[in-house]
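One structure is given here, and the rest of the page talks about it.
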């Protein structure tokens, strides 16, 4: 954790400007009939989970360039996640990935309490082979042609649920790398039958109050077909498995040009929107920082979520899922948490009564202008004030850099070698 | 129709080479354990419907360059379609588009009998405004915000069913241009609720033995969102409406890179594959001639269809749906009918027992090689022999050009002006 | 034109809020070390040309749904463009399209003066056939296989230059629909040789101080290949023709996912960036309103332009090029002009010294945050104040709707029929 | 190497069928006016280089699943490449990747002679950090902001040339991972200036008879921009550097939907087509087996190459560049070599006189049918006969599996651990 004084000092130099910006924005919003305090209050309650693996430096199939002071294990990772929450006050929970984060439940709970975090969805891993694993996932896991391999994958998922149940998680997220690289390699239908059967066995092991989130992805690591290639197949899975099964939408897992906000609306309309993996992308599943490429697209997704919030039972899970190759992961996650919060705040500003009126009147120009009025508003002062009032940093990056945290952990954590990649 | 003698003469010059090719292929297939007669027999039964509008020259939003002797009405169109069937023996039916093809049922039946055709699915049109139409479809039809506009669209669809019932059709295909051009223009959920309600009213008007085919499309004419944007939404429609509702897959209506053959497999697995609009494309909904850009993709779709044929109840509808801007429409439709037949014949050649074995053994290389062995085989002699034996032309293009049909109808049909397009 | 009083009255109700917003923003920018007056002054000088054809309602190949009071000829169009300039003070010029806008030069000049406009680049049309045209462009124009067709297209382009020279234009923009729909239809190399030869003849007819702008487009109306498919080919054209030849970048003419701002940078680096057609798109060449889908992408383009402005000779031409299918064209063009101005103002806010420092230090996070700080700022008050001070409307849409202009011209201009489209 | 007897035995069982197929095809082609012996002779001379790294199992950023008997070093790799050439007689050379394949020149030459291979283009590696490397390529290599890093990359490329010169290579291929992950991270123009300066220094070190091949790639490992993003930038590089600099086209490095065959034609027209990396892809840079996804696209590329062959100086370099994740690399490379040879043979069958005639007459249908007639022909017997006559295997996969080579080397080569990947 970062020393309170560091944050306080950083805030001290920034708070006067913040107050001026906040007051000016408050007056402006008041002229638009919006109460800034209400927006701030709602924004302050918004939280997004941090993925435990996100605090390490990512890589591509070509190479990985490790950063300074990378976490050695889940306890280092929780330290880093704690700092993110401390400074942003927007990331109250962490999502674990098993077996990468496997550890005794009591130790996990103790560490999480120490750094002020709780546990979000559990993530299983059947897209890599672990040392001493009996059956390889080279040709699939839950949909593998071999029953023993499927059984091993089912068992692993159930173990994730069991650990999760002990540490207070309430959801399991399944993403598989299953698919094929060649036309004809797999029989699409039999493969999906096997997947449904295996996923059903995992579903049956869910505690009463848990949700099973399945994640679709168009391609990679499979390059001709994936078993859960899009929201259509994901919807079928959720329908087949039952009420506790819902779909997870990763913003980077779609075909080019796809209207993602519409998928969000459709899944929500039919009760199957389970959660999000936030990130951004320009080409494929680039796993770039959320909002870094197309902030308006992110806003449009949140516009759907604010629309859906009218239903009090609406409660999808929100998680970041990014790969940080050229930035300090802690910094990128702090910025990204701020970006989702920003999109939420901007979407809250939309005049929904006016919007509905323009929609009914087919006044396309004014309808879209109504959305833009929300998006265009600079809500930074709202976010910063919410952070400040909650004990976080007005400017998380500045405070983090001033803290010397990265240098401190680098001294303790040995430098990781640059291995990784290895194929052109 | 073309004079029998013309066809006979053209065939006479080609039949020796055909026999030589056919015999050589027969011997080759025999070495591969395949009976050429069986393949020819199955291929000969294959038919694809021709769209009535396909025999006119198409256009883009920029311009339309009319061809010679374009059909003036549905009766001219049926003449042209009759020629296509006469020469290819692969297009026994025609799909009508209302109101473009509206005419007294008795006249339609008489003309169809005269030219040796039957009627395939009916197509409604709620993406254009007709003269004297009460309500405009500028902002949608079945999903319009205005109930009276929706009622008009429903009424039109029911009229299509009624006419279809009289002329022997057994299906209605609905494609709407409904969507939006701006974020916020439409509320996705309310818009889809209206669509489902209206489509349900059309569904309720279906005769007992009819199928309702709904068609999805990613974009165009709507450029930000479409109501039925992909197979996921299309599946939801078919699920909501009932057993007689199924999904139609147009090969050109998908996002870039999407694995279409997999969508075919998924829809079939869940009993919702209703039919096809065949064409090809490189960029968007280019409506190019079937198989002209990616013949292997077409083969992979047929590979799924042959796989699905094992179920005796499997009977999706097959239709061409192309826009012919730079070729003679009759020639393009003849080639395209041949291309779907070719893909079917090639898919029939696949050794499915071997394929399943390679799939089970995760022998990706041999599995895909097994598909390729079918695709690589030059089945032209099979197709030509099937045509020849059924009274068609060994080489339809040569016979058509030799017949003078185009010049003949050009003399009767006045040249259409080059109107169309008009916007950059 | 709209009565001055109408604008004055509309402004009166808005000016107090504007002053408050402007002052608050000024104070905020002052804290960031930015002088708001300097930004406003630069923004106020920014102008983008309106395309004459943009004030008519667009259409798709499926249909065209005409709007009320559509302009009947270039003089009606100039009236509409005059209103856009009057209210936004951001569109001082109009780009003509020949033959659509053909008229005696003196009449054009007189009308332009009447409505306070000048003439931007001339646009030729060789993608449609005109009545009584000798040779058809069905199979191409400047690259046609037939020399006489090429000569006709060259002659038309020279006629455009001649008219342009009389009315004060200084550039010719060439966009051709030439290409092919089938593999093999055209020999790529010979086709491009013909294009270069023909374009060279047009180039030779350019007055000394003119620029020839060539426009690339990936597809449509040609659906397999286009002669000028991308900026690589466009660059070759400009290199082959000479110094007066430069490339025009239309934001909607690229392959999916392409980094357009980088193309802008490359063309500028090598002295070949000639101008822009602004619009927005989600799927293909959707011609949607500028900034309506991806405002950050627009900002990134302007970020390059502000970067390039350091060279005092940098002077690309800016033009809107949109198709308005569901909105009032005047309203869409006003909003779009505002959006390009907004992107320019936001790009001016970027701290370029800090940015260069972060780039040199490979501080990716702070570099991108520096851009975002510009984009995130709500500069509406700057734009509105610039409009207000120049005699325009604080809120152009409100003023336009209050003016009754559309109803007024609708009474004078007969309703156009809904023709257009006509092919599925 | 595989024992001659193994190949002979496998061939013995297949040769009768081959002769029958070959004779039948000869008669068929004779009827089309084509001499099969001429096609076979040209096909037999065609060779494609194998990439040394291709004989190892590839991986993705998620995981790598090692195969049996993976090569430990360049000498094992040359053994494997020797087998590919032995069986296919279509891969006479190997392309080295430094430092992966670094070894004394004399040893490399001796081993190559032993297995019957020569050396194709050299490949440098500045996209990974090597142990004990002074400067990291995390933020770029030839375009790095730091001059010392650029110097290190230049030095490495020159070392590759020096080794290549000793072993008989005549070309250096440069592909860099340089780019950026965030808007603003890099100044596009300054970055490209640095690249051009550094590449120029490498160029200056080229021996007289060498070619410098630069390779463009749209994205990955950089996810917002790459320095050499497309053929336009690649062309600028080749123009700036000089006559010995040419462009390399990797089939998988383009934006979705891009017409690659047209890029091939353009580069060739302007003397800058240097060579190819063959592979196939459905989504991104999937590096799948050549021809496995879109065989017709491969044929269309070869159609351009056969067209260009009329110029006797036309001699681009041909290399496979694939990642084999689920197949035996030797098998995949053998199939892929066969596929490029097949595309070449099919392109040789195209009647170019007839094609040119249809093109001149704008007979799009017959022009494309002329290409299809080549593509549709099953030339397997030609390829197999050419292999057989050269001492290779009629059926390389069968012979390879019968040989026991994989089991043999597996016994000698220790199993590699499954490391790799490690990031979601």
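Residue numbers (this note's numbering), protein chains in the order written: chain A, 450 to 873; chain B, 450 to 873; chain C, 450 to 873; chain D, 450 to 873.
Ideal Cβ placement from N, Cα and C applies to all residues, glycine included.
The stretch 533 to 542 of chain B / the stretch 456 to 470 of chain C touching (three or more Cβ pairs under 8 Å):
no
Cross-strand partners of residue 500 (chain D) (DSSP beta bridge):
D:544
In the DSSP output, which residue or residues are listed as bridge partners for residue 695 (chain B)?
B:662
Please identify, using Cβ separations under 7 Å, the residues of the stretch 702 to 729 of chain A that lie next to chain B, in order along the chain.
704, 705, 706, 707, 708, 711, 714, 715, 718, 719
By how many angstroms is the C-alpha of residue 748 (chain A) removed from the C-alpha of residue 822 (chain A)?
12 Å
Of all the CB atoms in chain A, is at least one closer than 9 Å to the CB of residue 668 (chain B)?
yes
Look at the alpha carbon of residue 620 (chain C) and the alpha carbon of residue 659 (chain C), and state the distance between them as a whole number of angstroms.
5 Å
Quick check on residue 632 (chain C) - is its C-beta less than 9 Å from some C-beta in chain D?
yes
So is the beta-carbon of residue 611 (chain B) under 8 Å away from any non-hydrogen atom of the ligand ZN?
The model on display carries no ligand, and the ligand ZN is accordingly not part of it.
Does residue 746 (chain D) get closer than 9 Å to chain B when you measure Cβ to Cβ?
yes
Can you find a CB in chain B that lies within less than 9 Å of the CB of residue 732 (chain D)?
yes
Roughly how many whole angstroms lie between the Cα atoms of residue 879 (chain C) and residue 520 (chain B)?
This structure cannot speak to residue 879 (chain C), because chain C is shown only from 450 to 873.
If we count the other Cβ atoms within 10 Å of its Cβ and call it buried at 16 or more, is residue 682 (chain D) buried or exposed?
buried
What residues of chain B sit near residue 794 (chain D), judged by a beta carbon separation below 7 Å?
Within chain B, no residue comes near residue 794 (chain D); the closest Cβ sits about 12 Å away, beyond 7 Å.
When the Cα atoms are used, what is the spatial distance from residue 806 (chain A) to residue 756 (chain B)?
50 Å
Between A:568, A:684, A:502, which lies nearest to residue 522 (chain A) when the distance is taken from Cα to Cα?
A:502
Just confirm the distance between the C-beta atoms of residue 591 (chain C) and residue 627 (chain C), as a whole number of angstroms; I'd bet it's less than 8 Å.
6 Å
Please list the partners that residue 847 (chain B) has in chain D, where partner means a Cβ-to-Cβ separation under 7 Å.
Correct list: empty, because the minimum Cβ distance to chain D is about 10 Å.
Work out the CA separation of residue 778 (chain D) and residue 666 (chain A) for me, nearest whole Å.
26 Å
Fully enclosed by the stretch 607 to 685 of chain A, which alpha helix (DSSP H) runs are 4 residues long or longer?
637 to 653
Can you have a look at residue 861 (chain A) and say buried or exposed, based on whether 16 or more other CB atoms are within 10 angstroms of its CB?
exposed
List, in order along the chain, the chain A residues whose C-beta lies closer than 7 Å to that of residue 510 (chain D)?
508, 509, 510
Any beta carbon of chain D sitting closer than 9 Å to that of residue 742 (chain B)?
yes
What residues are listed by DSSP as bridge partners for residue 572 (chain A)?
A:546, A:622
Restricting to runs no shorter than 3 residues, where is the beta strand (DSSP E) found entirely within the stretch 706 to 774 of chain D?
722 to 727, 766 to 769
Any residues in the stretch 676 to 697 of chain A with a beta carbon nearer than 8 Å to a beta carbon of chain B? Which ones, in chain order?
678, 679, 680, 681, 682, 684, 685
Interface flag, residue 870 (chain A) vs chain D, CB-CB below 9 Å:
Reliability fails at residue 870 (chain A), whose pLDDT of 44 lies under 50, so the model's placement of it is uncertain and no value is given.
May I ask you to report which of helix, strand or coil DSSP gives residue 462 (chain B)?
helix
Close-in-space but distant-in-sequence residues of the same chain around residue 839 (chain C) (CB under 7 Å, 5 per side omitted)
493, 538
Interface positions of the stretch 592 to 603 of chain B facing chain A (Cβ-Cβ less than 9 Å), listed along the chain:
593, 594, 595
Simplified DSSP assignment, three categories, for residue 506 (chain A)
strand
Quick one, which residues of the stretch 476 to 504 of chain B are near chain D if we go by CB-CB under 8 Å, in chain order?
476, 477, 480
Residues of the stretch 780 to 794 of chain D in Cβ contact with chain A at a cutoff of 8 Å, in chain order, please.
none
Residues bridged to residue 567 (chain D) by DSSP?
D:542
Should residue 637 (chain C) be flagged as near chain B, meaning a C-beta pair shorter than 9 Å?
no
Give me the residue from D:792, D:698, D:752, D:763 with the minimum Cα distance to residue 741 (chain D).
D:792
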